[in-house]
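What follows is a set of notes on a single structure, which appears directly below.
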Amino acid sequence: MSEFNAEKFIEDQIENLRRETKGEKALVAVSGGVDSTTCAALAYKAINENLLCVLIDTGFMRINEPEWVKKVLSKPPLNLPVQIVRAEENFIRSLIGVKDAEEKRRIFREEFYKVLSAVAKKENCRFLIQGTIAPDWIETKGGIKTQHNVLTQIGIRTEEKYGFTLLEPLVNLYKDQVRIVAKALNVPKEISERQPFPGPGLMVRCIGEVEREKLRVLKKATKIVEERLADKGIQQYFAAVLNEEFIEEQSFPKLRVCYEEAKVFKDLATGVKGDERAYGKIAGIKVKEEFRKKVWSNFTELIAFQSKIISEKKDFTRVLYLINEKNEGKYAVSIRAIKTRDYMTADVAQVDWETIKEISQEILFKCLEVKEVYYDVTPKPPATIEYE
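In terms of our numbering, the sequence shown has 146 at position 145, counting the first letter as 1, and numbering is strictly consecutive.
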């Protein structure tokens, strides 16, 4: 396999974009992630003042994120013309009562492109340039999960439905290649080395139905986890929130003496088994408090126990390990931290016990509505990186 040549790639894509747009205006949706920013920087080099960058504030971005992204992208060296479109209410209202992960993603996609379509018509933009990359369409076409930015690959005619022609310069690249292109385009490290963030944002980490209080809790927990794990050399790390609601489960693989109980959440999570999508149960493993650190220190055995549960219980996609708890609260927070090169597969990152315990204590203290804090010990596969 020949080595990836970023300079040649950039040269070819600039030529392609100029040829396709023919001097007409184009829109690019930016989120502050490396994919969309690299796409925008590439497009700006190609068509300059004919490009409009739009950041849709869906309500599912992190605390103060829209303003931060606009500031970073608008200043040198990128100097991108970024406009924030506030659409939080549209997205929240459209998701009321919806629990199914795929249905949430489909609704998000419809709302997202409705907003972009309106902006494109208002600004007279005939083209939408977006940063879809290879794993996005591979997972969508494979039926694992619907990525909101995959359209033409699944037969959606964007000209007829939304009124714009879609251009995707990064569509055959993987994440590590995108970062190489970003570096060649002088994308700041605070963007190019930023950990991935899903297109639908915190919606897919608000497991089950999205509720305003639940989303507020998730934003607080996300800030804590991201700040505390930023310097640990982990490729992706975040929080997810579940309802503290459980179902009866008849049997589990034999638990050791130190394992107090195994609970099953009512909320479901996406996984992948045998290259196919699975949408299954989430197990929460609780160890007697005096044994928690000891079990954690034998991390390989903990991962093996997870594997035993998933292999024996075919309708499960996740195993969470309890770190800390308090007496009251309506939500559980799950911490997810993974190591990966291409995001197609991923291993669970082992964080030192003191750090993970401190994070759990901070979450329980600052998020009054949270009763339990877990750590996700499921690799990809059988889990996906995101919960939905």
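Every residue gets a Cβ at the ideal spot worked out from N, C-alpha and C, and that includes glycine.
Counted within 10 angstroms of its Cβ, other Cβ atoms place residue i as buried (16 or more) or exposed
i	result
Cys259	exposed
Arg94	exposed
Arg158	exposed
Ile64	exposed
Pro78	exposed
Ala390	Here the chain has residues from 2 to 389 only, and residue 390 is not among them.
Ile97	exposed
Glu104	exposed
Ser335	buried
Thr301	exposed
Phe165	buried
Leu369	exposed
Ser361	buried
Arg342	exposed
Ala231	exposed
Lys190	exposed
Pro254	exposed
Pair within 9 angstroms by beta-carbon distance, residue i and residue j
i	j	result
Glu160	Ile130	no
Val136	Lys274	First, the residue type needs correcting, since residue 136 is Pro and not Val in the sequence shown. No, these two residues do not count as a Cβ contact at 9 angstroms.
Ile310	Ala263	yes
Ile235	Lys122	no
Arg180	Ser193	yes
Gln237	Ala347	yes
Lys367	Ile208	no
Gly285	Phe317	no
Leu74	Ala47	no
Val205	Arg337	no
Cys1	Val35	Nothing about residue 1 can be reported from this structure: the residues present for the chain run from 2 to 389 only.
Glu246	Asp268	yes
Lys215	Arg127	no
Ala102	Glu363	no
Val352	Tyr332	no
Val320	Val374	no
Gly132	Ser37	yes
Tyr163	Ser118	yes
Thr385	Thr223	no
Leu243	Ile304	no
Delimiting residues of the beta strand (DSSP E) encompassing residue i
i	result
Tyr238	237-244
Ala350	It is not in any beta strand (DSSP E) - Ala350 carries neither H nor E in the DSSP assignment.
Asn173	It is not in any beta strand (DSSP E) - Asn173 carries neither H nor E in the DSSP assignment.
Arg337	332-340
Val375	First, the amino acid is wrong: residue 375 is Tyr here, not Val. Note, Tyr375: beta strand (DSSP E), 371-377.
Those residues which DSSP pairs with residue i across a bridge
i	result
Val27	What sits at residue 27 in the sequence shown is Ala, not Val. Ala27 pairs with Leu52, Phe128.
Phe266	Phe247
Arg195	Arg195 pairs with nothing; no bridge assigned.
Thr271	Tyr280
Arg202	According to the sequence displayed, residue 202 carries Gly and not Arg. Paired residues: none, contrary to the question.
Ala42	Answer is none; Ala42 lacks a bridge partner.
Cys207	Val242
Lys287	Glu262
Residue span of the alpha helix (DSSP H) that contains residue i, given as start and end
i	result
Ile310	300-313
Ser95	89-95
Leu391	The chain is shown only over 2 to 389; residue 391 falls outside these bounds and no answer can be derived.
Glu8	7-22
Leu81	Run containing Leu81: none; DSSP gives neither H nor E here.
Ser118	102-123
Glu161	159-162
Arg229	213-230
Pro254	Pro254 -> no alpha helix (DSSP H), and no H or E assigned at all.
Ser75	66-75
Task: Any 3 or more C-beta pairs closer than 8 angstroms across the segment 39-57 and the segment 162-179 - done: Short answer: they touch.
TODO: Specify whether the segment 50-59 and the segment 84-94 touch according to this definition: at least 3 beta carbon pairs, one from each stretch, less than 8 angstroms apart.
DONE: Touching, yes, given that three or more Cβ pairs across the two stretches are closer than 8 angstroms.
Task: Inter-stretch contact (C-beta, 8 angstroms, three-pair minimum) for the segment 354-371 and the segment 323-332 - done: Contact holds: three or more Cβ-Cβ distances are below 8 angstroms.
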